[in-house]
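As structure tokens, the structure follows; a few thoughts come after it.
There are 4 protein chains.
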Amino acid sequence: MTYFGLYALQHRGQESAGIITWDGQTIREQRGMGLVADVFEERHLGHQLKGSVAMGHIRYSTTGASLIRNAQPFKVTYKGINLALAHNGNLVNTISLREELENQGTIFQTTMDSEVIMHLVAKYMNGGTPEEAIAKACSRIQGSYSLLFMVDQKLIAVRDPWGFRPLSLGRVGDAYVLASETCAFDLLEAEYLRCLDPGEMLVIEDGRMMSHRYMEPAEKQSSCIFELIYFARPDSLVFDQEVYNARKSMGKILAQECPVEGDFVMPFPDSGVYAAVGYAQESGLPFEACMIRNHYVGRTFIQPTQGMRDFSVRVKLNPVKSMIKGKRVVIVEDSIVRGTTIRTRVKQLRELGAKEIHMRVSCPPIRYPCYYGIDFSSKGELIAANHSVADIGRYLGLDSLHYITIGGLLKAVRGPENFCLACFNGAYPVLPDGGIGKLSLECC
Amino acid sequence: MTYFGLYALQHRGQESAGIITWDGQTIREQRGMGLVADVFEERHLGHQLKGSVAMGHIRYSTTGASLIRNAQPFKVTYKGINLALAHNGNLVNTISLREELENQGTIFQTTMDSEVIMHLVAKYMNGGTPEEAIAKACSRIQGSYSLLFMVDQKLIAVRDPWGFRPLSLGRVGDAYVLASETCAFDLLEAEYLRCLDPGEMLVIEDGRMMSHRYMEPAEKQSSCIFELIYFARPDSLVFDQEVYNARKSMGKILAQECPVEGDFVMPFPDSGVYAAVGYAQESGLPFEACMIRNHYVGRTFIQPTQGMRDFSVRVKLNPVKSMIKGKRVVIVEDSIVRGTTIRTRVKQLRELGAKEIHMRVSCPPIRYPCYYGIDFSSKGELIAANHSVADIGRYLGLDSLHYITIGGLLKAVRGPENFCLACFNGAYPVLPDGGIGKLSLECC
Amino acid sequence: MTYFGLYALQHRGQESAGIITWDGQTIREQRGMGLVADVFEERHLGHQLKGSVAMGHIRYSTTGASLIRNAQPFKVTYKGINLALAHNGNLVNTISLREELENQGTIFQTTMDSEVIMHLVAKYMNGGTPEEAIAKACSRIQGSYSLLFMVDQKLIAVRDPWGFRPLSLGRVGDAYVLASETCAFDLLEAEYLRCLDPGEMLVIEDGRMMSHRYMEPAEKQSSCIFELIYFARPDSLVFDQEVYNARKSMGKILAQECPVEGDFVMPFPDSGVYAAVGYAQESGLPFEACMIRNHYVGRTFIQPTQGMRDFSVRVKLNPVKSMIKGKRVVIVEDSIVRGTTIRTRVKQLRELGAKEIHMRVSCPPIRYPCYYGIDFSSKGELIAANHSVADIGRYLGLDSLHYITIGGLLKAVRGPENFCLACFNGAYPVLPDGGIGKLSLECC
Amino acid sequence: MTYFGLYALQHRGQESAGIITWDGQTIREQRGMGLVADVFEERHLGHQLKGSVAMGHIRYSTTGASLIRNAQPFKVTYKGINLALAHNGNLVNTISLREELENQGTIFQTTMDSEVIMHLVAKYMNGGTPEEAIAKACSRIQGSYSLLFMVDQKLIAVRDPWGFRPLSLGRVGDAYVLASETCAFDLLEAEYLRCLDPGEMLVIEDGRMMSHRYMEPAEKQSSCIFELIYFARPDSLVFDQEVYNARKSMGKILAQECPVEGDFVMPFPDSGVYAAVGYAQESGLPFEACMIRNHYVGRTFIQPTQGMRDFSVRVKLNPVKSMIKGKRVVIVEDSIVRGTTIRTRVKQLRELGAKEIHMRVSCPPIRYPCYYGIDFSSKGELIAANHSVADIGRYLGLDSLHYITIGGLLKAVRGPENFCLACFNGAYPVLPDGGIGKLSLECC
């Protein structure tokens, strides 16, 4: 079940995958670089990863280099106890905590912020229960963390007091299951129960579950709105909200905020398709699916050594020429980070004879980096950080460009006051060590 | 360029791939089982497959077992001449031709019908030009064949007199290119020139091209309409027709022929999406994309050993629950062959609380096998061969089921008299050896 | 059993391996490039290669390029009959036979001389039994051939009339087994029965065996003496002779023919070890094993990019320094082909302070190429073809160099009149097409 | 150079391999399970493992499970310093040290005793130099250890005060090199300088080397005599002694201690060959090499599912039948641990008709486990621990069996008082935690 859960959540990270199981006596693990489908083989699931308690992780590297050492779950032993940890999120006070630990003679074997958590837990376990140790360790760390610990046969889940990242609880038969998104539950035919509260700790052992408030929730909850805009799967619930409907609403609000005369609305699949559906319904323009995806473009293909311009962009999507020529095309996108790929696609549409090209974006301009687990930086510089919307429109080669407003966006979600908008407005709920822009672990 | 062309055409066959090149002195080849991305490595394209003339093939096994022996292009030597052949299509008089050749002492090293063509060409080359030999060989074979020969540095393309399978000519810079579908040209930024005529032979050598009518076209042209319905990529032209527009038209005609009261229209992606777009536009019902695809489901995944019902179907698509519950769902499909997968999906929608489920199919009932290269049989029995539409609807668990009519379908294409409709009405343009239902090569 | 037989015979060829089985209804095959251990997996032996009749082949390319196409057993179908062939040896009239066959319209799919045999057999089977067809085909071919055919469930073995290559018959339980060398029988705990006669055909079917003289033996038998000198495994019988004893005798005769004052005798392992043992025993000099082999040098290792001279030679063997310094070393080798490696090793011994270095070779100078299956040419030019023994000794940096005489060599074997000595004296028992030095298939 | 050094030392461990380099700024590593040839690829050596300082390790698991986590060199960071460790040997007070460290809140990520060393070094570095910290850490650990540390650009080598394991210093050009055996130097064409002293620390930085006595040597030096008997390569020096000559001397002394009437002397290659050469020279019996090795038996082969007795033993060596029949065979072995394989081989010789079979062993009976790095236990129970020599001879099916005496063995080495003989006489130089027989890390 853990394997299938990871399979369903693969979109959240493709760098590495791992599963750890406990069969009552022995802890077993399999971790590797790459996709779930590559890391696990039949023999792992059939024989090797036996046990009645299991946890898995897929990694989308935000801190720490891309190394097998950094694949999670992270496992250690301490006084004969097996401790394992899966961490979704990103700490912001790692540097000062590492310094403090190193002054006590602690060595680090990975570059993950999660290793800091584990050292803290071990220190605090000297004379306490695992639950107490985890609560104390959490009181020391800052940033985003949805954590799942395995302490021999016991599972302990905690969600940070800001509620940055999602974490959902479900039930399949007699067993409790936890996952970042409910699409993992659907595949297992598990029943969705609820989202964990900020500052909540769940302890699961022998089929029983107990809930504790291990820490006061932050004054202002700060769930990541980008999960709803882009990151989560559209068939999931996150933060108890339906992602599909949120995205369609964003498209509808976008159509109200910035309508345009066009022949049809289309997305660049698969990004933006749900907002485009909403935009089309609200605007009354026909929805078309005339950018065709090559379903066989895998993770790698051999680049032409010369001559074929923009090959890696064009190989993935090809426009239907007859649909573009002479048309006023309205494109709905769910976000613009760097803009390079979009620019190539717009240019291609121009060359095919599009009469007008308008773009509507269901996410406000992203102007600030995220310190809580969304790796915008991996996509290069944020174009909106340094350029006006007009400049961006010119750069992309568009006839018009409009973004949804922050206000409009918040109309599309429930509990608008509970979301972190730092990437739009720079209002960081908790500041990183040493201030903004100083976060870097690899230097250590 | 051949590699990228195959990449673009991967949907036409996933069993094996191969490329053969001629560098003025040596013929080079790389063939292997699996996808283009798996068969070729950087070293093949960079160093090993040098040359100024090249041809490639991807195989979708309709005759012949799944073996590396059967990977094409098929290469032989004859009197110091290198002959290579790529064959799209399926012969129907292989058995009698093999018998005739074996009576002359010919041995067969593969189970492909294409080997028969090569033996005939060699026999007829004894005293003639390659062009004459190919023309004579083609006068002996029956069935569907778009062929590309390499005879040392010369490329010779022929299309069968019925025009069953597509074959298009393009130009990139000084070079001529040929491909089954124009999406291969788009990736190369090649200019599309035209479709070959039934009975036409093109000879390309030293950058010059000559066209011959090597055989009278059949009285009635018989292009495969299933290419337009399902098989070709929607961004391609085949038979000089735009696939995307044809599919959207089928959806529109379907909406006229069998409207339904529903809350929205949706496809099971990606099959049926273009007809669904047309249906939605014509009917005025909203288009929704609420079956979510897991983009990381690769060719293989580990099956759960027990318990999870219909796993391999459910892992690929997951419905958005809130969109289904209490709704009247109209699903547009592009074809129903066996129906098993559809049945599972309909059941899943029912369990999520769909109020009504209606299906509209943009292809008439498929009642007869295809002998010309579409492998319906690989998908199991044709449900429409033995069951009424009403029965099928009940089996699939639908509230209503309607197929497009043959007449309606023909309204969506240009030159309706030029298409083979045998899979719908059993009117085979050319009969197989030994009559219908007797075709089998593997027994030899 | 076939797999283990190939395993035991791996020294005879490392390019490709294959097994074909017949289970009463279906022929099954697995062929691949590389060693037996790489080509076959558990699933092949456990499930896929079922059957009661089997044959295998390992290829050491003497004609034909190194391609999977050329991996044997070579399998075709002819009139519903499955024909497979494993060929040990090398034909010398392939060019004229190919020409004749091509004039009848035959195409060639491989570059192996074995394909010619198969085409001939098929031609002659038209109206005859397989046995007759094989006999007729053999009357047309010239050169060395130990052949094993599978004709559906029947196995037919033939040995050429000159008796160039070995072929032995054994029995394990109720089953007959055939192999080039008896070391394959030892692994199977099979009983050795006898060597096939030149011109003999064995037919094995349903556990029964019949022997025919399908052709008159050549006037002068011409078994390959290099099998006894170097090629066969020392624990084998070939041509009904014990290889180990033959090699030790060669060493003893060498000690009589050219004694030397030395401190000890040593081989460069593992070549020459048996002759060195014989030399030591006859001369009374101590035998030492002071060139140490690195047992972990596999087929490939990463070459140093700069600086380390002669790395690929030195990595395999390292001398024991203290044994070499100040010593008069007598080295016994079993053959010198090109001499490059030997030269490097001698230089290394000199650098370690050897006082005198004498070499004794248990094979006369190889002056002429072999057309019957030993690929001297793959090892580069034959140094003895163009240089005197004195010159070779100087080139190798030796204090003295002596080869065994042809007369001395013949004293070490039984039936000295029955051996081919062409590589020493140019007396070819059967001349190649177009004369000496013209043999080349790859041009076709 | 590190890669080639590991290549030369592969016989010392086949479980995992790793290299760590320092290029002045970045530490780079590649570690993996399996042989050196499998773990490293061209890209690692060419591009990835750049640097002017490097260290490598091959692992032969004596403590710790067979996991990639446990592959060395073991690398951590501490206060911005990169620390790496390669450890040859085995600690005996790991359990008490782990307990002490865990009481301070230390977690363990591997099951290797080497991790304990690293934690100690880090604790002591808080306020001291790396050299002081390593010396302090070494004062806490007991057992066998030849250690190589990399501390950013600095290399620090230490040898334990007992001198259990070898560690040699060499020079190639301007660079110092360190290795367990000198065969690694030969491949690099490095000059051998000397063996490190027990209790010596070498510090190498910027091409300069300094030697310190970091600890008083133990009263009685305890070098492992089994290195000379069996473990080291015969072309190496270890403990400043020539392995080849030591083994030949053991054979000669064995011939003096227990002569026998026989037809010839032979080893079971490759174990015992050097002692057999010595035995033959001293006894005057002829040396024969009539057990033939299959050079293509790799690490794995497919086991026959039924019927073939003792297959895995027989596939490796095959006797020359004619040499065995009716002969009085004298076999020289270098050690008997469990005896199972020897028993099978003796039985095989009997079945081939050997008249008498005598065995002489150049190692005294091994009666006690080794706690310092030789994993006898992996070979099963020690037969000599519980059985008399007469019983062992009967079990092995021999006509006579004699072992070298401890006194005889010591005559074959220089400085006989400096060797550990605990596996023969139970006189352990340093006792394990909790006493003999209690050593176990996996339980933690």
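Chains as they are written, first to last, in full-length UniProt numbering: chain A, 1 to 444; chain B, 1 to 444; chain C, 1 to 444; chain D, 1 to 444.
Each residue gets a CB set at the ideal place from its N, CA and C atoms; glycine is no exception.
Quick caveat, the model's predicted, so the values are computed rather than measured.
Notebook entry, point to check: From what residue to what residue does the alpha helix (DSSP H) around A:Asn103 run?
Noted result: Your numbering for residue 103 of chain A matches position 103 in the first sequence. Run containing A:Asn103: Thr94 to Asn103, per the alpha helix (DSSP H) assignment.
Checklist line | Residue interval of the alpha helix (DSSP H) (run including C:Arg59) | finding: If you number the third sequence from 1, residue 59 of chain C lands on position 59. Note, C:Arg59: premise wrong, no alpha helix (DSSP H); beta strand (DSSP E) at Val53 to Arg59.
Note to self: Is there a C-beta anywhere in chain B that falls below 7 Å from the one on A:Ile20?
What the structure shows: Walking along the first sequence from the start, residue 20 of chain A turns up at place 20. No, no contact with chain B.
Note to self: Below 7 Å on C-beta distance, what does B:Gln109 contact in chain C?
What the structure shows: Locating residue 109 of chain B in the second sequence gives position 109, counting from the first residue. Within 7 Å Cβ-Cβ: Val76 and Gln109.
Next item on the list: Alpha carbon to alpha carbon, how far is C:Gly415 from C:Pro130? Give it in angstroms, no decimals.
Entry: On the third sequence, residue 130 of chain C is found 130 positions in, with the first residue counted as 1. On the third sequence, residue 415 of chain C is found 415 positions in, with the first residue counted as 1. Going by the C-alpha atoms only, they are around 34 Å apart.
Next item on the list: With DSSP as the reference, label C:Ser66 as helix, strand or coil.
Entry: Looking up residue 66 of chain C in the third sequence gives position 66. Coil at C:Ser66, not helix or strand.
Next item on the list: Note down, in chain order, each residue of its chain lying with its Cβ closer than 8 Å to the Cβ of A:Pro269, except the 5 sequence neighbours on either side.
Entry: In the first sequence, counting from the first residue as 1, residue 269 of chain A sits at position 269. Taken in chain order, the residues that qualify are Ala289, Met291, Arg293 and Leu317.
Notebook entry, point to check: Which residues in the same chain as C:Ile95 place their Cβ atom closer than 6 Å to its Cβ, once the five residues preceding and following it in sequence are excluded?
Noted result: The residue labelled residue 95 of chain C in the question sits at position 95 within the third sequence. Asp433.
Notebook entry, point to check: Within 10 angstroms of its Cβ, does C:Ala427 collect 16 or more other Cβ (buried), or is it exposed?
Noted result: Within the third sequence, residue 427 of chain C is the residue found at index 427, counting from 1. Burial call: exposed.
Notebook entry, point to check: Of all the residues that make up the segment 40-69 of chain B, which are near chain A by a beta-carbon distance shorter than 8 Å?
Noted result: Phe40, Glu41, Glu42, Leu45 and Gly46
Item checked: Identity of the residue in D:Leu409, D:Val330 and D:Asp375 nearest D:Pro365 by Cα -> Position 365 of the fourth sequence, counted from the start, is the residue given in the question as residue 365 of chain D. Nearest option by C-alpha distance: D:Leu409.
Note to self: Taking 7 Å as the threshold (C-beta atoms), are C:Pro429 and C:Trp22 in contact?
What the structure shows: On the third sequence, position 22 is the one that residue 22 of chain C refers to. On the third sequence, position 429 is the one that residue 429 of chain C refers to. Not in contact: C:Trp22 and C:Pro429 (Cβ atoms no closer than 7 Å).
Check: What residues match up with D:Arg309 in a beta bridge as DSSP calls it?
Finding: Taking the fourth sequence and counting its residues from 1, the one referred to as residue 309 of chain D is at position 309. Looking at the DSSP assignment, D:Arg309 forms no beta bridge with any residue, so it has no partner.
Next item on the list: Might you give, ordered along the chain, the residues of its own chain that have their beta carbon closer than 8 Å to the beta carbon of B:Gln30, omitting 5 neighbours on each side?
Entry: As a working mapping, residue 30 of chain B is identified with position 30 in the second sequence. Gly18, Ile19, Val39, Phe40, His44, Gln48 and Leu49, listed in sequence order.
Next item on the list: Please list the partners that B:Met118 has in chain C, where partner means a Cβ-to-Cβ separation under 7 Å.
Entry: For this step, residue 118 of chain B is matched to residue 118 along the second sequence. Neighbours of B:Met118 on chain C, chain order: Ile107.
Notebook entry, point to check: In terms of residues, what are the limits of the alpha helix (DSSP H) holding A:Lys252?
Noted result: By one-based count along the first sequence, residue 252 of chain A stands at place 252. Taken as a continuous stretch (DSSP letters only), the alpha helix (DSSP H) holding A:Lys252 covers Val243 to Glu257.
Note to self: DSSP three-state label for C:Ser144, please.
What the structure shows: One-based indexing of the third sequence puts residue 144 of chain C at position 144. The answer is strand: DSSP assigns C:Ser144 an E or B state.
Check: Quick one: is C:Glu102 near chain B, going by C-beta distance under 7 Å?
Finding: Counting from one through the third sequence, the residue named residue 102 of chain C turns up at place 102. Yes, because at least one Cβ of chain B sits closer than 7 Å to the Cβ of C:Glu102.
Check: Ordered along the chain, which non-local residues of its own chain (more than five positions away) have a Cβ less than 8 Å from that of B:Gln303?
Finding: What you label residue 303 of chain B is simply residue 303 of the second sequence in a count that begins at 1. Phe311 and Ser312, listed in sequence order.
Margin query: Can you check which of these residues, D:Tyr78, D:Glu99, D:Val177 and D:Ala86, is closest to A:Thr77 by C-alpha distance?
Written below: As a first step, residue 77 of chain A is located in the first sequence; it is residue number 77 there, counting from the start. It is D:Glu99.
Next item on the list: Give a yes or no on whether the minimum CB-CB distance between A:Lys154 and chain D is below 7 Å.
Entry: Position 154 of the first sequence, counting from 1, holds the residue named residue 154 of chain A. No, A:Lys154 does not count as interfacial toward chain D.
Notebook entry, point to check: Would you call B:Lys252 buried or exposed, if buried means 16 or more other Cβ atoms sit within 10 Å of its Cβ?
Noted result: Taking the first residue of the second sequence as position 1, residue 252 of chain B is located at position 252. The residue in question, B:Lys252, is buried, as its Cβ has 16 or more Cβ neighbours within 10 Å.
Notebook entry, point to check: Can you find at least 3 beta carbon pairs, one from the segment 187-207 of chain A and one from the segment 323-334 of chain A, that sit closer than 8 Å?
Noted result: no
Next item on the list: Please report the residue range of the alpha helix (DSSP H) in which C:Met118 lies.
Entry: The count along the third sequence starts at 1 and reaches residue 118 of chain C at position 118. Note, C:Met118: alpha helix (DSSP H), Asp113 to Met125.
Notebook entry, point to check: In chain C, what lies closer than 7 Å to D:Val273 by C-beta?
Noted result: Within the fourth sequence, the letter at position 273 stands for residue 273 of chain D. Per Cβ cutoff of 7 Å: Ala289.
Next item on the list: Give the residues of chain D in contact with A:Asn126, contact being defined as C-beta atoms less than 9 Å apart.
Entry: As a working mapping, residue 126 of chain A is identified with position 126 in the first sequence. By Cβ distance, chain D contributes Glu102, Asn103, Gln104 and Gly105.
Notebook entry, point to check: Are there 16 or more other CB atoms within 10 angstroms of the CB of C:Gly373, so buried, or fewer, so exposed?
Noted result: Taking the third sequence and counting its residues from 1, one reaches residue 373 of chain C at position 373. With 16 or more Cβ atoms within 10 Å of its Cβ, C:Gly373 is classed as buried.
Margin query: Assess contact between the segment 226-240 of chain C and the segment 168-185 of chain C, defined as three or more Cβ pairs (one per stretch) separated by less than 8 Å. Is contact present?
Written below: yes
Next item on the list: Identify which residue in B:Glu219, B:Asp186 and B:Gln348 has its Cα closest to the Cα of B:Gly199.
Entry: Locating residue 199 of chain B in the second sequence gives position 199, counting from the first residue. If we check each option's Cα against that of B:Gly199, B:Glu219 comes out closest.
Next item on the list: Give the residues from the segment 131-148 of chain C that approach chain B closer than 7 Å (Cβ to any Cβ), ordered along the chain.
Entry: none
Notebook entry, point to check: Taking Cβ positions only, does C:Asn318 come closer than 7 Å to chain D?
Noted result: Mapped onto the third sequence, residue 318 of chain C falls at position 318. Closer than 7 Å: yes.
Check: If we cut at 7 Å on Cβ distances, does B:Lys123 have a partner in chain C?
Finding: If you number the second sequence from 1, residue 123 of chain B lands on position 123. Closer than 7 Å: yes.
Check: Measuring CA to CA, which of A:Val116, A:Ile81, A:Asn82 and A:Gly105 is closest to A:Leu97?
Finding: As a first step, residue 97 of chain A is located in the first sequence; it is residue number 97 there, counting from the start. For A:Leu97, the nearest C-alpha among the options comes from A:Val116.
Item checked: Closer than 7 Å at the beta carbon, the chain B residues around C:Lys79 -> What you label residue 79 of chain C is simply residue 79 of the third sequence in a count that begins at 1. Under the 7 Å cutoff, chain B gives Glu102.
Margin query: Tell me the rounded alpha-carbon separation between A:Thr344 and A:Leu396.
Written below: Translated into positions along the first sequence, residue 344 of chain A becomes position 344. Translated into positions along the first sequence, residue 396 of chain A becomes position 396. Those two C-alpha atoms are separated by around 8 Å.
Checklist line | Spatial distance of A:Asp197 from A:Ala246 (CA atoms) | finding: By 1-based counting over the first sequence, the position of residue 197 of chain A is 197. By 1-based counting over the first sequence, the position of residue 246 of chain A is 246. Approximately 21 Å between the Cα atoms of the pair.
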